[in-house]
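To start, the structure itself, in structure tokens.
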Amino acid sequence: MKKKVIIDVDTGIDDAMALSYAVHSPDLEVCGVTTTFGNISVEEATRNTLQVLELVKAGDIPVYQGASKPLVRELKEKAKLFHGENGLGNIELPLPSGAPQAMSAAAYIVSATEAHPHEITLVTVGSMTNLALAIMAAPQIVSLVKRVVVMGGAVTVPGNRTPVAEANICADPEAASFVFQSGIPLTLVGLDVTMQTLLTREHLQQWRERDTKVSRFFADMCEVYMDAYAKVGNVRGCGLHDPLAVGVVIDPTFVKAVPMHVQVDTSGSASDARTIGDRRENPAFPPNIDVCLEVDHERFVRHFLEFVM
Ligand code: RIB
Ligand code: CA
Numbered sequence: 000m001k002k003k004v005i006i007d008v009d010t011g012i013d014d015a016m017a018l019s020y021a022v023h024s025p026d027l028e029v030c031g032v033t034t035t036f037g038n039i040s041v042e043e044a045t046r047n048t049l050q051v052l053e054l055v056k057a058g059d060i061p062v063y064q065g066a067s068k069p070l071v072r073e074l075k076e077k078a079k080l081f082h083g084e085n086g087l088g089n090i091e092l093p094l095p096s097g098a099p100q101a102m103s104a105a106a107y108i109v110s111a112t113e114a115h116p117h118e119i120t121l122v123t124v125g126s127m128t129n130l131a132l133a134i135m136a137a138p139q140i141v142s143l144v145k146r147v148v149v150m151g152g153a154v155t156v157p158g159n160r161t162p163v164a165e166a167n168i169c170a171d172p173e174a175a176s177f178v179f180q181s182g183i184p185l186t187l188v189g190l191d192v193t194m195q196t197l198l199t200r201e202h203l204q205q206w207r208e209r210d211t212k213v214s215r216f217f218a219d220m221c222e223v224y225m226d227a228y229a230k231v232g233n234v235r236g237c238g239l240h241d242p243l244a245v246g247v248v249i250d251p252t253f254v255k256a257v258p259m260h261v262q263v264d265t266s267g268s269a270s271d272a273r274t275i276g277d278r279r280e281n282p283a284f285p286p287n288i289d290v291c292l293e294v295d296h297e298r299f300v301r302h303f304l305e306f307v308m
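Sequential numbering of the sequence shown, starting at 0, is according to numbering that gives the first Met the number 0.
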């Protein structure tokens, strides 16, 4: 039986790859896609999501627009350097013919989880605001959701938005902190593992040779993403952040996860938005999250390339 998933996105180049990978995976049923702010505004995320789903012939999957700003803070700047002005590396797609559903993202997360108790895995690959709002509105979903797989955090490695913090947690630290403390079953797919799963320029060359509308779009977009990675560090390609979170739902053996107590720094100081994992032999609190610390990157990247388009 296919695993039912809802994907919560701030579409984004790697979000676009994650969506395409999920809809083509024979193991997943994408019940709906919810949108949030992060790489770009929520309105742009919704437009990009509709465009990408239509491009990969999955325009029938319902899209629900979500939060436009963090729970308590001001909205941060868009991630233009990595994702371009439009979020898709400035590569243009036709305007979507479909539109988002009337229901909000948080309301959809609640209703789908209640309609399919213990069956839905939620994959969050942007700010965690929609999930926080859903839990605040309907705390019972904490025990009704099958699992939440979060692309976010950096427990044992440096951050990417600040020296210690990862972009999705930075987008709304209070939302992440609230969800981490909620008791919902969580798997954290952070930079600890996503920076080991790289797409390279050789992969893009294979997509160019395939020469389809979809493969050219992904190659052009990822070229921009890789140029940004090359500017900020010595990375040979780009991190497959959001696709790995989808991969972990498809096959949890792509990673090794360790149960850990993790808290989010919301101090507003230099360590703000850091995901602090208690890795001591005798931690002060029981584990609240399974943190992915190792990844079989070759096997995952092979699987991703087979199903992404
Ligand atoms: O840190 C990587 C994450 O931040 C990815 O989800 C990317 O799309 C951005 O949202
Ligand atoms: Ca994302």
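Glycine included, each C-beta is placed from N, C-alpha and C at the ideal position.
Open item on the list: Check this for me: beta carbons of Gly86 and Ala17, under 9 Å apart or not?
Closed with: no
Open item on the list: Quick check on the DSSP output: what are the complete alpha helix (DSSP H) runs of length 4 or more inside the region 134-200, in order along the chain?
Closed with: 166-170, 172-179 and 190-193
Task: Nearest-angstrom Cα separation, counted from Ser214 out to Thr112 - done: 34 Å
TODO: Find out if the Cβ-Cβ distance for the pair Asp226, Arg72 is shorter than 9 Å.
DONE: no
Task: Proximity below 9 Å, CB of Pro69 to CB of Ala174 - done: yes
Task: Buried/exposed call for Asn233, threshold 16 Cβ in 10 Å - done: exposed
Open item on the list: Going by beta-carbon coordinates alone, are Thr199 and Leu243 separated by less than 9 Å?
Closed with: no
Open item on the list: Let me check you understand the geometry: is the CB of Asn167 closer than 8 Å to at least one non-hydrogen atom of ligand 1?
Closed with: yes
- [ ] Could you give the DSSP three-state label for Ala71: helix, strand or coil?
- [x] Note that residue 71 is Val in the sequence shown, not Ala. Coil, per DSSP.
TODO: Over the uninterrupted alpha helix (DSSP H) stretch that includes Glu79, give me the two end residues.
DONE: First, the amino acid is wrong: residue 79 is Lys here, not Glu. Element bounds for Lys79: Lys79 to His82.
Open item on the list: Assuming the contact rule is C-beta atoms closer than 8 Å, Ile183 and Val141 should be a hit. Round their C-beta distance to whole Å, please.
Closed with: 5 Å
TODO: Taking only runs that begin and end inside the region 215-281, name each unbroken beta strand (DSSP E) of 3 or more residues, in chain order.
DONE: 254-263 and 274-277
Task: Anticipated Cβ contact below 8 Å, Gly88 with Met220, distance rounded - done: 4 Å
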